[in-house]
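Report on the following structure.
Next comes the structure, spelled out in C-alpha cells:
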C-alpha cells in the first residue's frame, strides 16, 4: 500500500486587499483622518464652492495612502449624500495617467457600497469623486 506524504493543491490566487473608503458630502472620511467635516451638499456645485474655500488646507492635512504593488479592491460607500457618486483612481499627472492603471465608475447612490478592483503598479496616484467633487487625495504605491 502506498501512502501519500503530501497533497498537491492547485495554486491559489492571492486575494486582493480591500481598502474601505466612505464618502460624505464633498469628502472621503478616511482620507481626512476620519474627520467628518460636516459639509452638506445637495448637488455637485455645492462641493465646488466648499472645495474652493477649504480644499487646499484639507489636502495639506490629508492622509497619504501608501500601498505596495498588487491587487486591490477599493470598497467605496455613499454615506448620506443624496445624489449619485462615483470613484476615480488614476495616475497623479497627465503622463502617469497614460502609463499607470486606473479605475472609475459611478452609480453609487445613497447608502450603497460599490467595489472597484485594480492591479496597482509602483507610482504616484490620486483618487477622488468627480460627481461629489472631492479634493484629489494622494496614493503612493512603492
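Numbering (this note's numbering), first residue to last: 10 to 151.
For each residue, glycine too, the CB sits at the ideal point set by N, CA and C.
Please read these numbers as outputs of a predicted model, since none were measured by experiment.
- Annotated as distal: residue 136 and residue 125, with beta-carbon spacing of 7 Å or more.
- Its Cα nearest to that of residue 118, the residue 94 stands out among 133, 94 and 36.
- Less than 7 Å separates the beta-carbon of residue 41 from that of residue 71.
- In the three-state scheme derived from DSSP, where H, G and I count as helix and E and B as strand, residue 147 is classed as strand.
- Relative to residue 96, the option among 106, 103, 111 and 89 whose CA is nearest is 111.
- According to DSSP, residue pairing for residue 127 in a beta bridge involves 81.
- Your pair residue 79 and residue 29 does not check out as a contact, with CB atoms roughly 17 Å apart and the cut at 8 Å.
- The DSSP-derived three-state label of residue 55 is helix.
- Under the 8 Å Cβ criterion, the region 43-51 counts as touching the region 59-67, having at least three qualifying pairs.
- Here residue 96 is bridged, per DSSP, to 114.
- Closest in alpha carbon position to residue 141, among 91, 134 and 44, is 91.
- Residue 104 and residue 148 have their C-alpha atoms roughly 16 Å apart.
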